[in-house]
Amino acid sequence: MLAIARQRMLGQSFKKILPAVSVLRSYSSAAKQITVREALNSALDEEMSADPKVFLMGEEVGEYQGAYKITKGLLEKYGPERVLDTPITEAGFTGIGVGAAYYGLKPVVEFMTFNFSMQAIDHIINSAAKSNYMSAGQISVPIVFRGPNGAAAGVGAQHSQCYAAWYASCPGLKVLSPYNSEDARGLLKAAIRDPDPVVFLENELLYGESFPVSDEVLDSSFCLPIGKAKIEREGKDVTITAFSKMVGYALKAAEMLERDGIYAEVINLRSIRPLDRSTINTSVRKTNRLITVEEGFPQHGVGAEICASVVEESFSYLDAPVERIAGADVPMPYAANLERMAVPQVEDIVRAAKRACYRSVPLAATA
Amino acid sequence: MALSHLAASASRSSSLLKPLSSALSLRRPISGDNSPLTVETSVPFTSHQCEAPSRSVETNPKELLTFFRDMALMRRMEIAADSLYKAKLIRGFCHLYDGQEAVAVGMEAAITKKDCIITAYRDHCTFVSRGGTLLEVFAELMGRQAGCSKGKGGSMHFYKKDSNFYGGHGIVGAQVPLGCGLAFAQKYSKDETVTFALYGDGAANQGQLFEALNISALWDLPAILVCENNHYGMGTAEWRAAKSPAYYKRGDYVPGLKVDGMDALAVKQACKFAKEHALKNGPIILEMDTYRYHGHSMSDPGSTYRTRDEISGVRQERDPIERIRKLILSHDLATEKELKDVEKEVRKEVDDAIAQAKESPMPEPSELFTNVYAKGLGVESFGADRKEVRATLP
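Sequence order for the protein chains is V and H.
The first sequence stops at residue 367 when you use full-length UniProt numbering, and every number in between is there.
The second sequence stops at residue 394 when you use full-length UniProt numbering, and every number in between is there.
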């Protein structure tokens, strides 16, 4: 009795909040907020419902409801034939997933984090990415490899690496990395529908974050194009490229820069391979300055590729050297203060943007 | 080998000779008929965790003559590839299968084209047994347009999806989890078919094999793991690489069968048994005791780690083609001359295919950029000098 009363009270207090939300709905289409987790879960649910060939496999995706609860409820809805809990054997189950894709099924293979994908990387590259080419189009591989990528919090060196640069260098793969809930839904649906192998790099710390989504995004037919970046914030003074969690940092940096009269254009890459060179170069031709931001190791990273692309295509438009903000060139330390130094912070992006705009004196080069 | 039905065969042979002689005058290949024949395998099967099938194999003259012709074709094809490689028309890797033909031919006789086969890089003969043509083989080896992978794959990457042949893989052991994945998909699709995933004694020690076997056993997948044990992993003899070279037992809880891989009928019986088993009970391992006459590849003479006596000994005692020849002759299914004529025909077929393959052009330069993706999305790709060579992926 008491429990029911308590529930009713909660329901009523909820109802008090709701009118505010419905008022918002009448003003803009972006009224509802969903977490990235809900976005991914609903995308998987809808794609599994639409196509019986889609199935999930990975560690703890079924009965545990997903290590990060991304696959929650899907075992109950689709049954153990379509949501498969695997033993902790990445090389084995990834190979099995790729073989199933050879036959024509559409597997979505989860890596608990992409650090564990290294145990299966031969199957991702040699068995999946290259097969369509080696077979001259006979064997296509419609598989998605998804999971959290990059640093979490306090998980140390073996659990914090970003794999965007490694996978994106490989022809035959497509590599996507969502930032917000709209990205998560649209890109995951696109990945599942795509006939090629897709590496889908999520971020553990973004799973719980909420973002507004329009009705269009919530529709089950919603899909984002692969290979197109999004301009999250327009600006005229400096271009900042980023993906995944760093998009949020870049947007915060842009707000801080605006207070100092610098208007930054923030590009959410969304797609690491194919890279939207056109959008990036068009932006740099407008702003004449570029900061690339990523969480991963700096050497041979995503920023290095973007810098090379801009130097090749838009050299005469650059008014300043391209700046790279990336993770520190060290394995990820555990101590909180060192960890903070090992990943980019908003201040780093702001500082680099000011350097590119010649608003600060650059540090003296090391002897 | 035991010869049953001698009396029956005498009467059969008299009825056989009539059509054969008329066939010869028209220069049609001898084909035999479907009248049943029972032959015993060279040795009984040895089993692990299961009951071995009978060593009496049902066959018929047509099948035996087909075995002879197919194996002779494969033998001739591989030897011709050896010459082409030495003439530098084939580059890179070339792993030859001569000696092991009975495995490809016996397996095919037990299954349908709806069952899947996946193997490693010693794949030329398996491709042919799945319906690939000699032209496709030689053109692919020489990197020409008429090749089965349009010249873009090479020796190790032959595929024929329309008859469920999934390659052709260069990374040792990788094909085994892939094969278990094919079996998974067959079960998921309720196709009532099985997958044969072939691997060598060298690959048998790969960890991913045991990972895939574990999952296959847990999920009851219709996967048949076939160890083509030719006793050498490249230059390393099996006893130097495996603590336990009883590969048919290495599945532990997964049943296994040891088979004389030089006896096409034993191979056929084992594969038939394995298919029935896999559809009902999940994975099973077949160890084919076989032998390759060539070295590991064309870069390996194959005689630094084996004696020439061993190689010639196997050729004399256990050659798969000679076994079938003796069987055919002893059952009076054809004469020696007829069989020699088959070998001549086959040789001509191979020579004609090579001539035709040599006529096939190399791929167009634009083919560098095709098939990178199934759906290229109009994305740009680049040559070595990206300011000079760019392409849009379709």
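Cβ coordinates follow ideal geometry from the N, Cα and C atoms, glycine included.
Note that this is a predicted model, so its numbers are computed, not measured.
Report back the beta-carbon spacing between residue i and residue j to the nearest angstrom; my notes put them in contact at under 8 Å.
| i | j | result |
| --- | --- | --- |
| residue 168(V) | residue 175(V) | 4 Å |
| residue 61(H) | residue 33(H) | 6 Å |
| residue 346(H) | residue 69(H) | 7 Å |
| residue 163(H) | residue 130(H) | 5 Å |
| residue 198(H) | residue 226(H) | 5 Å |
| residue 90(V) | residue 111(V) | 7 Å |
| residue 98(H) | residue 232(H) | No, residue 98(H) and residue 232(H) are not in contact; Cβ-Cβ is about 14 Å, not under 8 Å. |
| residue 293(V) | residue 242(V) | 4 Å |
| residue 103(V) | residue 186(H) | 7 Å |
| residue 305(V) | residue 343(V) | About 20 Å separates the two Cβ atoms, so there is no contact after all. |
| residue 194(V) | residue 141(V) | Actually they do not touch by this definition, with Cβ atoms about 10 Å apart. |
Since residue i is in the alpha helix (DSSP H), which residue starts that stretch and which ends it?
| i | result |
| --- | --- |
| residue 35(H) | Note, residue 35(H): premise wrong, no alpha helix (DSSP H); not H, not E. |
| residue 282(V) | 277-287 |
| residue 273(H) | 264-281 |
| residue 72(V) | Taken as a continuous stretch (DSSP letters only), residue 72(V) belongs to no alpha helix (DSSP H), as it is neither H nor E. |
| residue 213(H) | 207-218 |
| residue 33(V) | Premise fails: residue 33(V) lies in the beta strand (DSSP E), 32-35, not in any alpha helix (DSSP H). |
| residue 391(H) | It is not in any alpha helix (DSSP H) - residue 391(H) instead sits in the beta strand (DSSP E) that spans 390-392. |
Compare the beta carbon distance of residue i and residue j with 8 Å and say whether it is the shorter of the two.
| i | j | result |
| --- | --- | --- |
| residue 93(V) | residue 117(H) | no |
| residue 276(H) | residue 256(H) | no |
| residue 284(H) | residue 259(H) | no |
| residue 200(H) | residue 99(V) | no |
| residue 282(H) | residue 341(H) | no |
| residue 68(V) | residue 207(V) | yes |
| residue 127(H) | residue 161(H) | no |
| residue 270(V) | residue 200(V) | no |
| residue 225(V) | residue 202(V) | no |
| residue 109(V) | residue 62(V) | no |
| residue 72(H) | residue 336(H) | no |
Starting from residue i, trace the beta strand (DSSP E) both ways and give me its first and last residue.
| i | result |
| --- | --- |
| residue 232(V) | 230-233 |
| residue 116(H) | 116-118 |
| residue 212(V) | 210-213 |
| residue 58(V) | 54-58 |
| residue 148(V) | 144-148 |
| residue 107(V) | 106-110 |
| residue 380(H) | 380-382 |
Return the bridge partner residues of residue i from the DSSP annotation.
| i | result |
| --- | --- |
| residue 242(V) | 268(V) |
| residue 257(H) | 47(H) and 286(H) |
| residue 175(V) | 199(V) and 273(V) |
| residue 223(H) | 195(H) |
| residue 323(V) | 291(V) |
| residue 200(H) | 228(H) |
| residue 181(H) | In DSSP, residue 181(H) forms no bridge with anything. |
| residue 165(H) | 117(H) and 160(H) |
| residue 236(H) | 233(H) |
| residue 46(V) | Paired residues: none, contrary to the question. |
| residue 84(V) | 57(V) |
| residue 56(H) | 40(H) |
Based on Cα-Cα distance, which residue from the options lies nearest to residue i?
| i | options | result |
| --- | --- | --- |
| residue 166(V) | 335(V), 301(V) and 338(V) | 301(V) |
| residue 151(V) | 262(V), 260(V) and 330(V) | 330(V) |
| residue 278(H) | 195(H), 368(H), 157(H) and 308(H) | 195(H) |
| residue 266(V) | 248(V), 277(V), 274(V) and 259(V) | 248(V) |
| residue 352(V) | 289(V), 296(V), 341(V) and 295(V) | 289(V) |
| residue 150(H) | 66(H), 139(H) and 160(H) | 139(H) |
| residue 46(V) | 148(V), 235(V) and 220(V) | 220(V) |
| residue 165(H) | 143(H), 144(H), 172(H) and 124(H) | 124(H) |
| residue 131(V) | 131(H), 249(H) and 158(H) | 158(H) |
| residue 386(H) | 91(V), 102(V), 312(V) and 358(V) | 312(V) |
| residue 247(H) | 268(H), 235(H), 222(H) and 290(H) | 290(H) |
| residue 145(H) | 357(H), 380(H) and 393(H) | 357(H) |
| residue 270(H) | 369(H), 307(H), 234(H) and 224(H) | 224(H) |
| residue 377(H) | 157(V), 191(V), 180(V) and 153(V) | 191(V) |
| residue 91(H) | 81(H), 35(H), 99(H) and 100(H) | 81(H) |
| residue 279(V) | 240(V), 324(V) and 188(V) | 240(V) |
| residue 113(H) | 66(H), 120(H) and 193(H) | 193(H) |
| residue 310(V) | 137(V), 287(V) and 72(V) | 287(V) |
| residue 230(H) | 361(H), 330(H), 245(H) and 249(H) | 245(H) |
| residue 273(V) | 57(H), 379(H), 251(H) and 388(H) | 379(H) |
| residue 187(V) | 235(V), 336(V), 39(V) and 350(V) | 39(V) |
| residue 173(H) | 143(H), 191(H) and 120(H) | 120(H) |
| residue 124(V) | 97(V), 149(V), 334(V) and 137(V) | 97(V) |
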